[in-house]
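Some notes on the structure that comes next.
In the UniProt record's numbering, the protein residues as written are 1 to 207.
Below is the structure:
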């Protein structure tokens, strides 16, 4: 996975926060890092995650396949300024930020709630109950980073979808939903790479 995309996410944020800054193109980061752009897909679903002092500061993405350059640029801004869980990122926070870009691929619907691997697969859930629609997702790194087992991950996935349930009922809920066909569970792969602001700034200064 390419550090170039993470640098470009930071570049986009810098350009937004510092209006006098001239935006460096994505191609310049590929060149300075010696990375081959042809090894990445031309377009892909993707998520941008900002962290501050190793704690989540914003994460937004899309399951729609977008051109890499415009997709990273768009969601670097969306995740920095439009995540409803957090206030918009400010320039004074830059020194404490890191960013990661995750490209998504290989989506497969599964019929067994345990048919996925922690650290390898992301999960996307969707279902409708009593006239209400629920959906949510966790990127492949979430369960591993949080040190969750599978049942804990599945429990928090329901909470992410804004559905309340006792943890003791989670296994039965998934089994019934998958067996009866009203619950859809999809696993997917993700390629992730990130940089800290310090790393990004050193690379930027070389351009």
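Positions of the beta carbon are idealized from the N, C-alpha and C atoms, including for glycine.
For this session: Specify whether the stretch 132–149 and the stretch 159–168 touch according to this definition: at least 3 beta carbon pairs, one from each stretch, less than 8 Å apart.
Result: By the Cβ criterion, the stretch 132–149 is in contact with the stretch 159–168, since at least three pairs of Cβ atoms, one from each stretch, lie closer than 8 Å.
Exercise. Where does residue 206 sit, in a helix, a strand or coil, going by DSSP?
Worked result: Residue 206: helix per DSSP, three-state reduction.
Problem set entry | Segment limits, alpha helix (DSSP H) that includes residue 140 | 140–146 is the extent of the alpha helix (DSSP H) around residue 140.
Exercise. Do residue 2 and the ligand FMN come close, with the Cβ less than 7 Å from some heavy atom?
Worked result: The ligand FMN is not part of this structure, which contains no ligands at all.
For this session: Could you please give the first and the last residue of the uninterrupted beta strand (DSSP E) stretch that includes residue 184?
Result: Unbroken beta strand (DSSP E) run through residue 184: 183–196.
For this session: Go ahead and label residue 11 buried or exposed: buried means 16 or more other beta carbons lie within 10 angstroms of its beta carbon, across all protein chains shown.
Result: It counts as buried.
Exercise. Grouping DSSP H, G and I as helix and E and B as strand, with all else coil, what is residue 44?
Worked result: Reduced to three states, the DSSP call for residue 44 is strand.
Problem set entry | Beta-carbon proximity of residue 57 to residue 86, cut-off 8 Å | The answer is yes: Cβ separation under 8 Å.
Exercise. Residue 60 and residue 83: beta carbons closer than 8 Å?
Worked result: Against a cut-off of 8 Å, the Cβ pair of residue 83 and residue 60 comes out as a contact.
Problem set entry | residue 179 - containing alpha helix (DSSP H), residue span | Looking at the DSSP string, the run of the alpha helix (DSSP H) that includes residue 179 is 170–180.
Exercise. Is it right to say residue 122 is buried, meaning 16 or more other beta carbons lie within 10 angstroms of its own, or is it exposed?
Worked result: With 16 or more Cβ atoms within 10 Å of its Cβ, residue 122 is classed as buried.
Exercise. By how many angstroms is the C-alpha of residue 23 removed from the C-alpha of residue 15?
Worked result: Going from the Cα of residue 15 to the Cα of residue 23 covers about 6 Å.
Exercise. Taking C-alpha atoms, which residue in 141, 187 and 152 lies nearest to residue 101?
Worked result: Taking only the C-alpha atoms, the option nearest residue 101 is 141.
Exercise. Residue 127 bridges to which residues according to DSSP?
Worked result: Secondary-structure assignment with DSSP links residue 127 through a beta bridge to 134 and 183.
Problem set entry | beta strand (DSSP E) segment containing residue 93, residue limits | Per DSSP, residue 93 is not a residue of any beta strand (DSSP E), being assigned neither H nor E.
Exercise. Residue 186 and residue 109 look like a contact to me (Cβ under 8 Å); what is the Cβ gap, rounded to whole Å?
Worked result: Distance from residue 186 to residue 109 at the Cβ level is roughly 5 Å; contact confirmed, criterion being Cβ atoms closer than 8 Å.
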